[in-house]
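In this note's numbering, the protein residues as written are 14 to 384.
All C-beta atoms, glycine included, are put in the ideal place defined by N, C-alpha and C.
This structure is a prediction, so every number in the text was calculated from the model and none was measured.
In what follows, a single structure is set out as structure tokens and then discussed.
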Amino acid sequence: MLKTFQYRLYPTKSQARMLDTTLETCRHFYNGCLAERRDAYVERQETIGKYAQLRRVKTLKETNLYAATVHSHILQVVVSDLDKAFRAFFQRVKSGEKPGYPRFKGRNRFGSFGLKEYGNGFRLDGRRLKLSGIGRVAVRWHREIEGQIKTARIIRKAGHWYVSFACETKQDPTPSEPLAPTGQSIGLDVGIASLITTSEGAKVENPKWYRASQAKLRIVQRRVARRKKGGKNRRKAVLQLQRLHLHTQNQRQDFLNKLACRLVSENDVIAVEDLRITNMVRNKHLSKSILDAGWAYFRQRLEAKAVEAGRVIVVVNPANTSKTCSNCGTIFEHLTLSDRWVTCACGLSLDRDHNAALNIQRAGHVLLGLT
Numbered sequence: 014m015l016k017t018f019q020y021r022l023y024p025t026k027s028q029a030r031m032l033d034t035t036l037e038t039c040r041h042f043y044n045g046c047l048a049e050r051r052d053a054y055v056e057r058q059e060t061i062g063k064y065a066q067l068r069r070v071k072t073l074k075e076t077n078l079y080a081a082t083v084h085s086h087i088l089q090v091v092v093s094d095l096d097k098a099f100r101a102f103f104q105r106v107k108s109g110e111k112p113g114y115p116r117f118k119g120r121n122r123f124g125s126f127g128l129k130e131y132g133n134g135f136r137l138d139g140r141r142l143k144l145s146g147i148g149r150v151a152v153r154w155h156r157e158i159e160g161q162i163k164t165a166r167i168i169r170k171a172g173h174w175y176v177s178f179a180c181e182t183k184q185d186p187t188p189s190e191p192l193a194p195t196g197q198s199i200g201l202d203v204g205i206a207s208l209i210t211t212s213e214g215a216k217v218e219n220p221k222w223y224r225a226s227q228a229k230l231r232i233v234q235r236r237v238a239r240r241k242k243g244g245k246n247r248r249k250a251v252l253q254l255q256r257l258h259l260h261t262q263n264q265r266q267d268f269l270n271k272l273a274c275r276l277v278s279e280n281d282v283i284a285v286e287d288l289r290i291t292n293m294v295r296n297k298h299l300s301k302s303i304l305d306a307g308w309a310y311f312r313q314r315l316e317a318k319a320v321e322a323g324r325v326i327v328v329v330n331p332a333n334t335s336k337t338c339s340n341c342g343t344i345f346e347h348l349t350l351s352d353r354w355v356t357c358a359c360g361l362s363l364d365r366d367h368n369a370a371l372n373i374q375r376a377g378h379v380l381l382g383l384t
């Protein structure tokens with residue numbers, strides 16, 4: 014099983030320049046390979062494959078001054094990345110989706126390069142990461158690495174540099190750190206006013222990170238709009254805007270990671286709805302709030318942590334979970350989104366989201382054969 018660990022890099026000024034040069038060389042090579050594939054098909058109806066372009070790496074290193082200092086594995090990974098983009102494109106064509114032909118990468122649309130073999134182009138040297146052609150780069154080791162490092166990807170985000178290690182941790186599917194059973198199960202109903210409501214009636218308020226930062230974003234975005242395009246001051250303003258967005262993203266992910274960790278540690282079984290978030294965000298009135306809440310990321314982290322801890326995540330059909338009485342099963346036909354409290358002839362009087370969470374928990378038990 015592969016597991017990814019990401020760390021912040023602190024290159025010197027000269028190392029940062031070399032990282033920028035390497036990234037720019039990879040971008041030009043990517044665009045060149047893409048143009049070669051496109052022109053060969055348009056002009057001669059020929060298909061150029063991955064291995065034909067891999068043979069270009071040696072020629073490029075001999076003829077290009079910038080590529081001569083770049084490790085050959087980095088350029089080979091560029092070809093592999095382009096090949097993945099084309100395979101995904103053909104898969105979308107085959108399945109009838111919107112194709113989305115691979116596009117040429119501008120300076121702001123190419124943010125990483127990879128190395129595919131530990132010890133060949135990169136390795137750990139004490140507390141630093143040694144990169145071929147760049148040197149020993151300082152790393153902020155905020156957590157221990159598990160398993161054996163296989164590959165690395167150097168990433169630039171908002172002017173900061175990061176490294177992501179893909180590590181081989183275990184071959185078998187058993188949990189790496191199983192937790193002691195608690196005998197508890199829970200149903201979760203995600204929302205906008207409250208991020209989640211549990212089947213026990215507890216609510217976790219939605220911090221609304223993006224909306225909280227909108228006042229600052231408005232100022233910074235206005236600053237970007239007033240700068241001359243292509244100018245140095247505009248690039249500085251754009252960098253400030255990127256860092257503000259990255260800070261908001263980090264706030265959201267940190268909160269959701271901690272919430273998922275707490276739920277997994279307290280419950281053996283967690284039932285969640287199988288929401289079609291891609292379709293839900295097409296609602297122009299709710300899209301910003303749904304994306305700000307981070308429902309998809311929360312479910313992803315919940316499932317990943319459950320695998321490590323030996324817990325069970327059960328996904329249930331979301332149909333009528335809010336409109337069904339959790340006591341007698343009556344369907345509330347005229348319930349609207351503005352109705353936040355439900356009452357039933359059987360005597361049930363309950364918060365709408367709490368009622369939905371109870372139905373989700375019960376549906377999860379049915380799927381697992383616990384009731």
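- Between arginine 136 and lysine 129, the CB-CB gap reaches or exceeds 7 Å.
- Valine 217 sits away from valine 285, with the two beta carbons spaced by 7 Å or more.
- Per DSSP, histidine 173 is one residue of the beta strand (DSSP E) stretching across 173-181.
- Taking C-beta atoms as the reference points, tyrosine 43 and leucine 78 fail to come closer than 7 Å.
- Taking a cut-off of 8 Å on C-beta distances, the region 309-317 touches the region 262-280, as three or more cross pairs fall below it.
- If you check the CB distance, glutamine 28 and serine 177 do not come in under 7 Å.
- Contact between lysine 170 and glycine 119 does not hold, since the beta-carbon distance rounds to 16 Å and is not under 8 Å.
- If only complete runs of 3 or more residues are kept, the region 296-334 shows the beta strand (DSSP E) at 325-329, in order along the chain.
- Residue burial annotation: asparagine 219 is buried, with at least 16 other C-beta atoms found within 10 angstroms of its C-beta.
- Contact check for isoleucine 61 against alanine 48 fails: the beta carbons are separated by 7 Å or more.
- Tryptophan 154 carries a coil assignment under DSSP once its states are collapsed to helix, strand and coil.
- Assigned with DSSP and collapsed to three states, leucine 348 falls in coil, not helix or strand.
- For phenylalanine 126, the enclosing beta strand (DSSP E) starts and ends at 125-128.
- Short of 8 Å from the beta carbon of valine 152, and not among the five residues preceding or following it, lie these beta carbons of its own chain, in chain order: Tyr20, Arg21, Leu22, Tyr23, Arg140, Arg141, Leu142, Val176.
- Between arginine 289 and the set Tyr223, Gly342, Ala309, the nearest pair of CA atoms involves Ala309.
- Closest in C-alpha terms to serine 207, from the list Asp364, Lys71, Thr261, comes Asp364.
- Secondary structure at tyrosine 114: coil, using DSSP grouped into helix, strand and coil.
- At a Cβ-Cβ threshold of 7 Å, valine 233 and glutamine 262 do not count as neighbours.
- Taking the Cα of asparagine 280 as reference, the smallest distance to any Cα among Gly200, Asp138, Lys336, Asn368 is reached at Gly200.
- Cβ atoms of lysine 221 and aspartate 305 come within 8 Å of each other, at about 6 Å.
- Listed in chain order, the non-local C-beta contacts of glutamine 161 below 7 Å within the same chain comprise Cys180, Glu181, local neighbours out to five positions each way being set aside.
- When only Cα atoms are considered, lysine 336 and methionine 293 end up about 18 Å apart.
- The beta carbons of isoleucine 147 and methionine 31 sit closer together than 7 Å.
- Fully enclosed alpha helix (DSSP H) runs of no fewer than 4 residues are not present anywhere in the region 248-284.
- Apart from the 5 residues on each side of it in sequence, threonine 17 sits with its Cβ closer than 6 Å to the Cβ of Ser177, Ala179 in its chain, given in chain order.
- Going by beta carbons, asparagine 372 and threonine 334 fall inside the 7 Å limit.
- In this structure, glycine 127 sits near valine 90, with a CB-CB distance shorter than 7 Å.
- For valine 294, the three-state secondary structure derived from DSSP is coil.
- Take arginine 265, set aside five residues on each side of it, and the residues of its chain with a beta-carbon closer than 7 Å to its own are Trp222, Gly307, in chain order.
- Judged by DSSP secondary structure, aspartate 138 falls within the beta strand (DSSP E) whose first and last residues are 135-138.
- The DSSP-derived three-state label of tyrosine 43 is helix.
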